[in-house]
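Asks: Before I ask anything, here is the structure I am working with.
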Amino acid sequence: MPLCPPMAIEMRREGLLVDAATCTGCTKCIAPCPVGALSMVANPLVAARA
Ligand code: SF4
Numbered sequence: 000m001p002l003c004p005p006m007a008i009e010m011r012r013e014g015l016l017v018d019a020a021t022c023t024g025c026t027k028c029i030a031p032c033p034v035g036a037l038s039m040v041a042n043p044l045v046a047a048r049a
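Structure, rendered in structure tokens:
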């Protein structure tokens, strides 16, 4: 969560939630995850901003 520049990652009781409207697609959260739980998928909201 601290590695996400726009603070798009939120901790919920059921787990981490990435706000697709806030995520910039920078991928800075993927490599630091110790269990490889994160991956990048197509985000139409990021594509629309490009
Ligand atoms: S890919 Fe999205 S969720 Fe991950 S660090 Fe970048 S902005 Fe945050």
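For the sequence shown, numbering that gives the first Met the number 0 begins at 0 and goes up steadily by one. Built from N, CA and C at the ideal position, the CB exists for glycine as well.
Our contact map puts T23 next to P1 with C-beta atoms below 8 Å; I'd like the distance itself, whole angstroms only.
Replies: Within the sequence shown, residue 23 is the residue found at index 24, counting from 1. Within the sequence shown, residue 1 is the residue found at index 2, counting from 1. Actually they are not in contact, since the Cβ atoms of T23 and P1 sit about 16 Å apart, beyond 8 Å.
Asks: By the DSSP assignment, the alpha helix (DSSP H) with V45 in it spans what residues?
Replies: Mapped onto the sequence shown, residue 45 falls at position 46. P43 to R48 is the span of the alpha helix (DSSP H), which, as asked, contains V45.
Asks: Taking a contact to mean a Cβ-Cβ separation below 9 Å, would you say A36 touches L16 in this structure?
Replies: As a position in the sequence shown, residue 36 is number 37, starting the count at 1. As a position in the sequence shown, residue 16 is number 17, starting the count at 1. For A36 and L16, no; Cβs fall outside 9 Å.
Asks: What are the boundary residues of the beta strand (DSSP E) that includes G14?
Replies: One-based indexing of the sequence shown puts residue 14 at position 15. Run containing G14: G14 to V17, per the beta strand (DSSP E) assignment.
Asks: Quick one: is the Cβ of G24 within less than 8 Å of any heavy atom of the ligand SF4?
Replies: If you number the sequence shown from 1, residue 24 lands on position 25. Under cutoff, so the answer is yes.
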